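When we follow UniProt numbering, the leftmost residue of the sequence shown carries the number 1, and every step to the right adds one.
Beta carbons: idealized from backbone N, C-alpha and C, even for Gly.
Only a predicted model underlies this, so the values are computations on that prediction, with no experimental measurement involved.
This report refers to the structure that appears directly beneath it.
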Amino acid sequence: MANVRKFKPLFDRILVEKFLPEVKTKGGVLLPEKGQGKVLEGTVVAAGPGNWDHKNNQRIEVNVKVGDKVLLPEYGGTKINLDEKVGDVDDSL
Numbered sequence: 001m002a003n004v005r006k007f008k009p010l011f012d013r014i015l016v017e018k019f020l021p022e023v024k025t026k027g028g029v030l031l032p033e034k035g036q037g038k039v040l041e042g043t044v045v046a047a048g049p050g051n052w053d054h055k056n057n058q059r060i061e062v063n064v065k066v067g068d069k070v071l072l073p074e075y076g077g078t079k080i081n082l083d084e085k086v087g088d089v090d091d092s093l
C-alpha cells in the first residue's frame, strides 16, 4: 500500500480501489467465481488537484476526496497494478 500513497493522479483523475466481490452467501454457501458478479464500487485512494478553467482562469476542484465510496463504469477506467493489487485510474464520476 506504500506505493499507492506515492501515486498522485494528475488533473481531474482519481485512483480507485475496487471492493472485493462477495465469495459467500448469507447462508454460508461459497460462490464460484462466475457467480460472484462484477464489482462496480470502490473507495477513492488518491485524487488529482483538478482541471484548469482557462476561460475563468481558475482551478476546477475534483468533487471527490480520499475515502469517498464511488460507483464505477463497467467498461471505463484503466487498470493498474500497485503493490500486487489491481486498481482503477478513472475520470471523476
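Ordered along the chain, which non-local residues of its own chain (more than five positions away) have a Cβ less than 6 Å from that of residue i?
{"i": "V39", "result": "K18, F19 and P21"}
{"i": "E61", "result": "G50"}
Whose C-beta lies closer than 8 Å to the C-beta of residue i among residues of the same chain, with five residues either side of it excluded?
{"i": "Q58", "result": "W52"}
So, using beta-carbon positions, are residue i and residue j closer together than 7 Å?
{"i": "V45", "j": "L72", "result": "no"}
{"i": "R13", "j": "G48", "result": "yes"}
{"i": "V23", "j": "L10", "result": "no"}
{"i": "K69", "j": "T43", "result": "yes"}
Could you please give me the residues that DSSP links to residue i through a beta bridge?
{"i": "T43", "result": "E17 and K69"}
{"i": "D53", "result": "Q58"}
{"i": "L30", "result": "K24"}
For a test of the three-state rule: what should DSSP assign to residue i, helix, strand or coil?
{"i": "K8", "result": "coil"}
For residue i, collect the residues of the same chain with a Cβ closer than 7 Å to its Cβ; drop the 5 residues on either side in sequence, then sort them by chain order.
{"i": "V64", "result": "I14, V44, A47, V70 and S92"}
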